[in-house]
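*Asks:* Sharing a structure below in structure tokens format, with a few things to ask.
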Amino acid sequence: MTSTVDTAGDVPLVLQAAPDLPPIVAAPSRAGPLTTFARRNPTLVVGGLLLMLIGLAAIFAPWLWTVDPHALAPARRIRPPSETNWFGTDDLGRDVYSRVIYGARTSLVVGAAVAAVATFFGVLVGVVSGFVRWLDPIIMRIIDGLMSIPSVLIAIALLGVARGSIANVIIAIALAEFPRVARLVRGVVLSLRERSYISAAIACGSSASRIMSRHILPNAMDPIIIQATYIGASAIITEAILSFLGVGTPPTIPSWGNIMAEGRALWQVKPYIVFFPSIFLCITVLAVNLLGDGLRDMLDPRAAKRI
Amino acid sequence: MQPLLSVQNLRAHFATRDGVVRAVDGLSFDVCAGQTLAIVGESGCGKSVTSLSILRLLDEPPAKLAGDILFDGRNLIDLDEAAMRQLRGNQISMVFQEPMTSLNPLLTVGRQLAEPFVLHQGLGYAQARARAVEMLSLVGIALPEQRMREYPHQLSGGMCQRVMIAIAIACNPKILVADEPTTALDVTIQAQILDLMRGLQARIGSAIILITHDLGVVAEMAQRVVVMYAGRKVEDASVAEIFENPRHPYTRGLLGAIPKLGSSADESTLHRRLTEIRGAVPSLIAPQEGCSFAGRCPMVRDVCRRVAPALREVAAGHDSACHLAKELGPMQ
Amino acid sequence: MTPLLEVSDLVKYFPIIGGAFRRSREAVRAVDGLSFHVDRGETLSIVGESGCGKSTVGKAILRLTEPTSGDLRFDGKSYVAARGAEMKAIRRRLQVVFQDPYGSMNPRMRVRETIAEPLYNFGLTGSRLETTEKVRDLLVRVGLPADALTRFPHEFSGGQRQRLSIARALAPGADLIICDEAVSALDVSVKAQIVNLLSDLQQEIGVALLFISHDLAIVEHLTHRVAVMYLGKIVELADRRDLFRDARHPYTRALLSAVPAPRIKVRKERVILKGDVPSPVHPPSGCRFHTRCPLAFERCRTEEPLLRSVDDKHLSACHLD
């Protein structure tokens, strides 16, 4: 311990300084912000990158196809993968690879659109249900009823009375999926309602609509966004199922489900027609799910605690 | 006299993504047999981490401990988990702050209370149960046989705390560490629990390390007091000295900041301001130059910001870490 | 003079099973017939332990929860059944500061929006600049830097957030602020800051305070009058000096003796109550306190004592008086 004398004040002090001890633990290395982010949220990064790759493939499909996806070439049908047809040809001689690349467009568009529409209506219904007490039981019974029917069946039923088109597919799947969102949102609203800042807002004279839009909704966004990604994944699979069954995307538009439907009869002898689209389907759905999981981990308030 | 527990230069640092948190930064104190030592401070001063360090209940990465904790001829810092497990609940026990959540909600009271007997004294289950019933009566729980079969959620906060105390003293520990044992309880229940603890201490003779922010509880229970601030000890004295002759501006600030019951007897005290300590507790991450209290101290001098004060003896058995400790006049 | 706030026979039961239609079912009798008043510019404290119903009283007065029965009057006008614009006018003058400094602000709204919200709601805003000026003035008044406007609540410490809550409560020019355990979650040194602030504000602008707390020492420092609650009822109501020096109800006495004093030479006579607080679903017959009262006798078990005046303005509910 060192001793010094301080004469600055009116009384000279004899000071003893405390020993300066360095920390016994090494400070964690400060890597760049991107690396730190990647290290902390690996799931999010992997899912995001995968999805971006597929998204890019979909966007640049017009430049990535090798053989015109709509060109029929019955002379070259059911050929295995070769130099000209990377994934082989289907039973009408069309190039499977190019159709699969275009199919990415269908899946991603349907997935994103359904996520958006289902979330929109789900939030609307969920917030009203969570906030307006007397409506809650009525709405919830309807939602329960809808949820007891498998979403694929609801979509099939709706498409049975409508013309097949991408827009109708989107509407049908969204209608089948929105109850899940509504229920989640209602739960979130119910728990948020108990927070003191909601009571404070009421005490300040805020109207119910103001509370819903400015206090509840912004704070409910995290679980809603995560749920939206899962809805997207589910929608992609549902679209594939519907197209596979022949009630979804019209056969003129390439969709992974369509391609698989066309290869169904042959799949034991010529599996590549079913194989390639299904691989792409798996990877895409996996990517979306990873994205959702990654978002959930990143936004988890417990993980975000700071000292 | 040899102290029962001697903590020397204890440091508990945590590696977090925002930097190194120096939760405890060079703490030393002694506890003698049968004595109650209170560790006082506000949130973030390191008192809870200190109690967890003594029992080695911290996850050791990300935490790292340094220094010495000498007990019964051994250094607790060096012991491995198996050796610590032999000590915990046996020679050194702990009572926690939240009684309702510190008991396992899925096990009956009896099962939890019998556990220390089975583990440390090797009793068979039937014998352990019998001892458990005795302990429940000892801590003042009526109808102990019935309580044995109940679950924690069926008991009130005060009763849960009694059960926790029973579990802690089951094997007659030499040291009982109590981390804010009554903070979550109502004041009338708190009075019961403090009374109980005093009675048990007289009976069993354990030393108590009492962690609290409540100076009233300190006055009631403790013989010696250690005041902590920002991970360090700023004052160490007998309870009489702390209350009558505090020698650190932080201790004085704390004493001045608490309203005292009975203040209405003096009419002039109505609307007299409480002594404030302006500002807030500093972050434990940023390395501190000079005295950690300098930013809030009413008596701060230039040197205080540059030179961190060492702990010095200012009176017999009374240490303080302040450059101005000897110059402080009597408290008004 | 008409009191600012007048509560008459306030009752709040929380039904356990069944909805509002099944009164005969069990209910938590949180508040069971409370009457008191608060005058302009004074501080009335409600003290009691957990489960006594004091928080429910605060919420009922604010109509955050609907009273089961009873009357609430603000400045002479009954508002217990008021709706819409009428209730809004009351809310403007009756504000609140909650206990939890971390939960009482919307984490996604900046300070400026949070404090300006009551201004928008009650039509007290002018241009954007004027509103910002008003918010700035409020921040300075509660001891916060004016640049706090653009920050988010999580950037502040607990004590600072309580200051923000106080600023929000002052914004519409309230006549009465209910402090629902407003300092209980703060550190000792910060508590002192906030208590001083409330005291100063009362002196400066004459706002009345209804201070709900379990901390008797703080209450003694801050209040003019005190009401002590036990299991949904007021057992004693008196001026500060009368209550703290000459408490009449055995519960009040036990409460006062239980508070550990930060002084060493004082050896207090301790009244240690036996047992735990009974359930508010099945309160004891007669006097609710009789199960724990050291002075209980036969009459206490059968007949409920009324809150009566035992001395000028000093009310107590005990058969011994």
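Chains as they are written, first to last, in our numbering: chain P, 647 to 953; chain X, 5 to 336; chain L, 265 to 585. All residues carry an ideal CB built from backbone N, CA and C; glycine is no exception.
#1: Could you check whether residue 894 of chain P and residue 887 of chain P sit closer than 9 Å to each other, using their CB atoms as the reference points?
#2: Please state whether DSSP places residue 490 of chain L in a helix, a strand or coil.
#3: CB residue 302 of chain L to CB residue 474 of chain L, shorter than 9 Å?
#4: Would DSSP call residue 277 of chain L helix, strand or coil?
#5: Alpha carbon to alpha carbon, how far is residue 921 of chain P from residue 914 of chain P? Give it in angstroms, no decimals.
#6: Ignoring anything shorter than 3 residues or poking outside the stretch 364 to 396 of chain L, list the beta strand (DSSP E) runs there in chain order.
#7: Taking the runs of the alpha helix (DSSP H) that are 4 residues or longer, which of them lie wholly in the stretch 702 to 737 of chain P?
#8: Does the stretch 43 to 51 of chain X come within contact of the stretch 77 to 88 of chain X, defined as at least 3 CB pairs closer than 8 Å?
#9: Please report the distance separating the alpha-carbon of residue 777 of chain P from that of residue 257 of chain X.
#10: Strictly under 9 Å for the Cβ-Cβ distance: is residue 360 of chain L near chain P by that measure?
#11: Does any residue of chain L have a CB that is nearer than 9 Å to the CB of residue 224 of chain X?
#12: Tell me, please, whether the CB atom of residue 303 of chain X is closer than 9 Å to any CB atom in chain L?
#13: Using a C-beta to C-beta distance shorter than 7 Å, which residues of chain X count as neighbours of residue 669 of chain P?
#14: Identify each residue in the stretch 764 to 793 of chain P for which the Cβ-Cβ distance to at least one residue of chain L is less than 7 Å, and report them in chain order.
#15: How big is the Cα-Cα spacing for residue 335 of chain L and residue 275 of chain L?
#16: Put residue 13 of chain X into one of helix, strand or coil per three-state DSSP.
#17: Does residue 561 of chain L come out as helix, strand or coil in the three-state DSSP assignment?
#18: Thinking C-alpha only, which one of P/739, P/789, P/734 is nearest residue 720 of chain P?
#19: To which residues of the same chain is residue 364 of chain L closer than 7 Å at the C-beta, ignoring the five residues directly before and after it?
#20: Considering only residues of the same chain and omitting the five flanking positions on each side of residue 668 of chain L, which have a CB-CB separation below 8 Å?
#21: For residue 325 of chain X, which of helix, strand or coil comes out of DSSP?
#22: List in chain order: all unbroken alpha helix (DSSP H) runs of 4+ residues lying wholly within the stretch 862 to 904 of chain P.
#23: How far does the beta strand (DSSP E) with residue 317 of chain X in it extend, from its first residue to its last?
#24: Can you tell which of X/330, X/166, X/182, X/121 has its C-alpha closest to the C-alpha of residue 140 of chain X?
#25: Can you tell me which of P/930, P/709, P/880 puts its alpha carbon nearest to the alpha carbon of residue 801 of chain P?
#26: State the DSSP-derived secondary structure class of residue 309 of chain L, mapped to helix, strand or coil.
#27: Do you know offhand how far residue 197 of chain X's Cα is from residue 298 of chain L's?
#28: Could you tell me if residue 385 of chain L is buried or exposed, where buried requires 16 or more neighbouring beta carbons within 10 angstroms of its beta carbon?
#29: Rounded to the nearest angstrom, how far is the Cβ of residue 375 of chain L from that of residue 428 of chain L, given a contact under 8 Å?
#30: Going by DSSP in three states, residue 783 of chain P sits in which element: helix, strand or coil?
#31: Check each candidate in X/319, X/316, X/15, X/298 and name the one with the smallest Cα separation from residue 309 of chain X.
#32: Taking 9 Å as the cut-off, decide whether the C-beta atoms of residue 815 of chain P and residue 768 of chain P are in contact.
#33: Residue 162 of chain X touches chain L at which residues, Cβ-Cβ below 8 Å?
#34: Mind checking the stretch 856 to 869 of chain P against chain L and listing, in chain order, the residues whose C-beta falls within less than 8 Å of any C-beta there?
#35: Using a Cβ-Cβ cut-off of 9 Å, state whether residue 722 of chain P counts as contacting chain X.
#36: Answer yes or no: does any C-beta atom of chain X fall closer than 9 Å to that of residue 688 of chain P?
*Replies:* Let's see:
#1: As a first step, residue 887 of chain P must be located in the first sequence, where it is residue number 241. As a first step, residue 894 of chain P must be located in the first sequence, where it is residue number 248. The answer is yes: Cβ separation under 9 Å.
#2: Translated into positions along the third sequence, residue 490 of chain L becomes position 226. Correct three-state label for residue 490 of chain L: strand.
#3: Residue mapping note: residue 302 of chain L aligns to position 38 of the third sequence, counting from 1. Residue mapping note: residue 474 of chain L aligns to position 210 of the third sequence, counting from 1. Yes, they are a contact pair.
#4: Taking the first residue of the third sequence as position 1, residue 277 of chain L is located at position 13. DSSP places residue 277 of chain L in strand when its eight states are reduced to three.
#5: As a working note, residue 914 of chain P is residue 268 in the first sequence. As a working note, residue 921 of chain P is residue 275 in the first sequence. Computed Cα separation, rounded: 11 Å.
#6: none
#7: 707 to 710
#8: no
#9: For the purposes of this step, residue 777 of chain P is identified with residue 131 of the first sequence, where counting begins at 1. For the purposes of this step, residue 257 of chain X is identified with residue 253 of the second sequence, where counting begins at 1. Looking at the two C-alpha atoms, the distance is approximately 47 Å.
#10: Counted from its first residue, the third sequence places residue 360 of chain L at position 96. Judged by the 9 Å Cβ criterion, residue 360 of chain L is in contact with chain P.
#11: Numbered from its first residue, the second sequence carries residue 224 of chain X at position 220. It does: the Cβ of residue 224 of chain X has a partner Cβ on chain L nearer than 9 Å.
#12: On the second sequence, residue 303 of chain X is found 299 positions in, with the first residue counted as 1. Residue 303 of chain X does not count as touching chain L.
#13: Along the first sequence, one-based indexing puts residue 669 of chain P at 23. The answer, in chain order, is 17, 24, 26.
#14: none
#15: To locate residue 335 of chain L, count along the third sequence from 1; it is residue 71. To locate residue 275 of chain L, count along the third sequence from 1; it is residue 11. Straight-line Cα distance between these residues: approximately 9 Å.
#16: Sequence index remark: in the second sequence, residue 13 of chain X carries index 9 (1-based). If DSSP states are grouped into helix, strand and coil, residue 13 of chain X belongs with the strands.
#17: Position 297 of the third sequence holds residue 561 of chain L. Coil.
#18: Stepping through the first sequence from its first residue, residue 720 of chain P is reached at position 74. Taking only the C-alpha atoms, the option nearest residue 720 of chain P is P/739.
#19: As a first step, residue 364 of chain L must be located in the third sequence, where it is residue number 100. Excluding residues within five positions, the ones whose Cβ falls inside 7 Å are 449.
#20: Coverage of chain L is limited to positions 265 through 585, which leaves residue 668 of chain L absent and any answer about it impossible.
#21: For this step, residue 325 of chain X is matched to residue 321 along the second sequence. Here residue 325 of chain X sits in coil by DSSP.
#22: 863 to 891
#23: The residue you call residue 317 of chain X lines up with position 313 of the second sequence. Residues 316 to 319.
#24: To locate residue 140 of chain X, count along the second sequence from 1; it is residue 136. Out of X/330, X/166, X/182, X/121, X/166 has the C-alpha closest to the C-alpha of residue 140 of chain X.
#25: Taking the first sequence and counting its residues from 1, one reaches residue 801 of chain P at position 155. Checking every option, the nearest Cα to that of residue 801 of chain P belongs to P/880.
#26: Within the third sequence, the letter at position 45 stands for residue 309 of chain L. In the structure shown, residue 309 of chain L sits in a strand (DSSP, three-state: E or B).
#27: As a working note, residue 197 of chain X is residue 193 in the second sequence. As a working note, residue 298 of chain L is residue 34 in the third sequence. Approximately 31 Å, taken between the alpha carbons.
#28: On the third sequence, residue 385 of chain L is found 121 positions in, with the first residue counted as 1. Buried: at least 16 other Cβ atoms inside 10 Å.
#29: Within the third sequence, the letter at position 111 stands for residue 375 of chain L. Within the third sequence, the letter at position 164 stands for residue 428 of chain L. Residue 375 of chain L to residue 428 of chain L, Cβ: 6 Å. Contact.
#30: One-based indexing of the first sequence puts residue 783 of chain P at position 137. Helix.
#31: Taking the first residue of the second sequence as 1, we reach residue 309 of chain X at position 305. That would be X/298, whose Cα lies nearest to the Cα of residue 309 of chain X.
#32: In the first sequence, the residue the question calls residue 815 of chain P occupies position 169. In the first sequence, the residue the question calls residue 768 of chain P occupies position 122. Result no, Cβ atoms of residue 815 of chain P and residue 768 of chain P do not sit closer than 9 Å.
#33: Working through the second sequence from its first residue, we reach residue 162 of chain X at position 158. The contacting residues are 540.
#34: 856, 860, 861, 864, 865
#35: Sequence index remark: in the first sequence, residue 722 of chain P carries index 76 (1-based). For residue 722 of chain P, the answer is no, since every Cβ of chain X falls outside 9 Å of its Cβ.
#36: As a position in the first sequence, residue 688 of chain P is number 42, starting the count at 1. False, the Cβ-Cβ gap to chain X never drops below 9 Å.
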